[in-house]
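Residues 11 to 314 in my numbering are what the sequence shown lists, from first letter to last.
Worksheet: one structure, shown below.
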Amino acid sequence: MSMDTPILGTQGEDAPGAETVKNTTTQDFVRDVVEASQTQPVLVDFWAPWCEPCKQLTPILEKVVRASKGAVALVKMNIDDYPEIPGQMGVQSIPAVFAFKDGRPVDGFMGALPESQISAFVARLVGETVGTAADVETADAALEAGDVNAAAQIFGQILRDEPENLDALAGLAKCYVKTGDLERAEQTLALAPPDKADSPSIAAVRSALDLARKSDEAGDVDALRAKAAQAPEDLQAQFDLALALNANGDREGALDTLLALVAKNRSWNEEAARKQLVQFFEVWGPADPATTSGRQRLSSLLFA
11 MSMDTPILGT
21 QGEDAPGAET
31 VKNTTTQDFV
41 RDVVEASQTQ
51 PVLVDFWAPW
61 CEPCKQLTPI
71 LEKVVRASKG
81 AVALVKMNID
91 DYPEIPGQMG
101 VQSIPAVFAF
111 KDGRPVDGFM
121 GALPESQISA
131 FVARLVGETV
141 GTAADVETAD
151 AALEAGDVNA
161 AAQIFGQILR
171 DEPENLDALA
181 GLAKCYVKTG
191 DLERAEQTLA
201 LAPPDKADSP
211 SIAAVRSALD
221 LARKSDEAGD
231 VDALRAKAAQ
241 APEDLQAQFD
251 LALALNANGD
261 REGALDTLLA
271 LVAKNRSWNE
281 EAARKQLVQF
291 FEVWGPADPA
301 TTSGRQRLSS
311 LLFA
């Protein structure tokens, strides 16, 4: 999407409005977007009543913009009623969103994106005008949605302003863990002040880092599954299989394998299976269905 297209239109006579979300016309576009973006970033949502993806995107845009508490505005333009401006900007498909700053388009995207990516887009656009807490939440949401690059950019911006922000530090380290760059994850965690190195957010990422290293060493799932099947009494093979299953995204399989190991011999290797389950739960997070199910099933085994 080109950001250098000049914008033509009739300049409005009124001062830029203070509304966070509004509709505009060809006549008012300069006032509502070009002039207004001199004082705050403005998103322009090109849409049409027949466009189903637009119906999904626009409410999310409105929600994210209102959550910015005035840091950014949203202006909507129905391209059926007002085709001149989108035509001048080369809009060929909708939904199309352009971000304006200082009177010119600086960024944009096409298609209906999830809320986390839109939040990350807005956070990058407004930069320091969004509060740190909101930035951390936005970055966390982007990371959860799989947009690791967007999350890392936001965490990095926070750390440039607040080098000792533990949530941002942990978040950036988690990004490195997600991409498999375990060495940089370790280096990032080492930046935590010594007296805060055991804080919950840092400790949680250390667990994720430790688990990632174990998973790297676990081996091939098919080979381990065959080994475990051939030697049911080889508890180390069962344990290694669980790690490999988790590394391949099969949380339920890893859970079943370790619970079976606990049921068979809870005290094996200083309760390694139970401890590994606890680490899984910590890394997966309390809201993950596998965590909820696993804790219930583990409790049933331990306190039966």
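Glycine included, C-beta positions come from ideal geometry on N, C-alpha and C.
Owing to the predicted nature of the structure, the values given are computational and were not obtained by experimental measurement.
Query raised in the report: Taking the alpha carbon of I168 as the point to measure from, which residue in T302, T35, A149 and V82 has its own alpha carbon closest?
Result: Comparing Cα-Cα distances from I168 to each of T302, T35, A149 and V82, the minimum goes to A149.
Requested in this report: Using the Cα positions of W278 and F249, report the straight-line distance between them to the nearest angstrom.
Outcome: Taking the straight line from one Cα to the other gives about 10 Å.
Query raised in the report: Can you name, in chain order, every residue of its own chain whose Cβ lies under 7 Å from the Cβ of L18, other than the five neighbours on each side?
Result: Residue placement at L18 cannot be trusted, given a pLDDT of 42 that sits under 50; the coordinates are not used to answer.
Requested in this report: Express the C-alpha separation of F131 and A161 in angstroms, rounding to a whole number.
Outcome: When the Cα atoms are used, A161 and F131 turn out to be separated by approximately 10 Å.
Query raised in the report: Going by the beta-carbon positions, is the gap between L268 and A283 smaller than 9 Å?
Result: In this structure, A283 lies closer than 9 Å to L268 by Cβ.
Query - Beta-ladder partner(s) of D117, from DSSP - result: A109.
**Report entry** Cβ-based neighbour list, D191, same chain, cut-off 8 Å, excluding 5 preceding and 5 following
**Finding:** None.
Requested in this report: Using 8 Å as the cut-off, classify the Cβ of N88 as near or not near the heavy atoms of the ligand MG, replying yes or no.
Outcome: Of the ligands one can find in the structure shown there are none, so the ligand MG has no counterpart to examine.
Query - Nearest neighbour of W294, chosen from A46, A218 and G229 [CA to CA] - result: Nearest option by C-alpha distance: A218.
Query - Per-residue DSSP class, three states only, for N33 - result: Three-state result, N33: strand.
Report task. Have a look at V75, C61, L253 and G166 and flag the residue whose alpha-carbon is nearest the alpha-carbon of A109. Result -> Nearest to A109 by alpha-carbon distance, out of V75, C61, L253 and G166, is V75.
**Report entry** Separation of S225 from L201, as counted between CA atoms
**Finding:** Between the alpha carbons of L201 and S225 lies a distance of about 25 Å.
**Report entry** Residue span of the beta strand (DSSP E) that contains N256, given as start and end
**Finding:** Where N256 is concerned, there is no enclosing beta strand (DSSP E), although the alpha helix (DSSP H) it sits in stretches over L245 to A257.
Query raised in the report: By a C-beta neighbour count over all protein chains shown, 10 Å radius and 16 as the cutoff for buried, is E45 buried or exposed?
Result: In summary, E45 is buried, with 16 or more beta-carbon neighbours lying within 10 Å of its beta-carbon over all protein chains present.
Query raised in the report: Fully enclosed by the segment 142-219, which beta strand (DSSP E) runs are 3 residues long or longer?
Result: Counting whole runs of 3 or more residues, the segment 142-219 contains no beta strand (DSSP E) stretch at all.
Requested in this report: Please list, in chain order, all residues of the same chain as A58 whose beta carbon is under 8 Å from its beta carbon, the five residues on each side excluded.
Outcome: Within the same chain, A58 has close Cβ partners C64, N88, I89, D90 and I104.
Report task. For the segment 38-100, list the beta strand (DSSP E) runs that are entirely contained and at least 3 residues long, ordered along the chain. Result -> Listed in chain order, the complete beta strand (DSSP E) runs (minimum 3 residues) inside the segment 38-100 are 52-57 and 83-88.
Query raised in the report: Cα separation between R134 and N275?
Result: About 51 Å.
**Report entry** C-beta contact flag for L182 and G156 at 9 Å
**Finding:** No, they are not a contact pair.
Query raised in the report: Are L251 and A241 touching if we call contact CB-CB under 9 Å?
Result: No; because the gap between Cβ atoms is not below 9 Å, this pair is not in contact.
Query - First through last residue of the alpha helix (DSSP H) which encompasses S310 - result: S310: member of the alpha helix (DSSP H) spanning P299 to L312, first to last residue.
Query raised in the report: Tell me which same chain residues have a C-beta within less than 8 Å of the C-beta of A214, skipping the five on either side of it?
Result: Cβ neighbours of A214 within its own chain (closer than 8 Å, five residues either side excluded): A180, E292 and V293.
Requested in this report: For S310, count neighbouring C-beta atoms within 10 Å of its own C-beta (all shown protein chains included) and say buried if the count is 16 or more, exposed if not.
Outcome: With fewer than 16 other CB atoms across the displayed protein chains lying within 10 angstroms of its CB, S310 is exposed.
**Report entry** Proximity of L287 and V272 at Cβ, strictly below 9 Å
**Finding:** Yes, the Cβ-Cβ distance between L287 and V272 is below 9 Å.
Query raised in the report: Taking D266 as the reference, which of A151, V101, T301 and V136 has the closest Cα?
Result: Considering only alpha carbons, the answer is T301.
**Report entry** Reduced DSSP category for G229 - H, G, I as helix; E, B as strand; rest coil
**Finding:** It is coil, neither helix nor strand.
Requested in this report: For the alpha helix (DSSP H) containing D260, list its first residue and its last residue.
Outcome: Following the DSSP letters along the chain, one finds D260 in no alpha helix (DSSP H), marked with neither H nor E.
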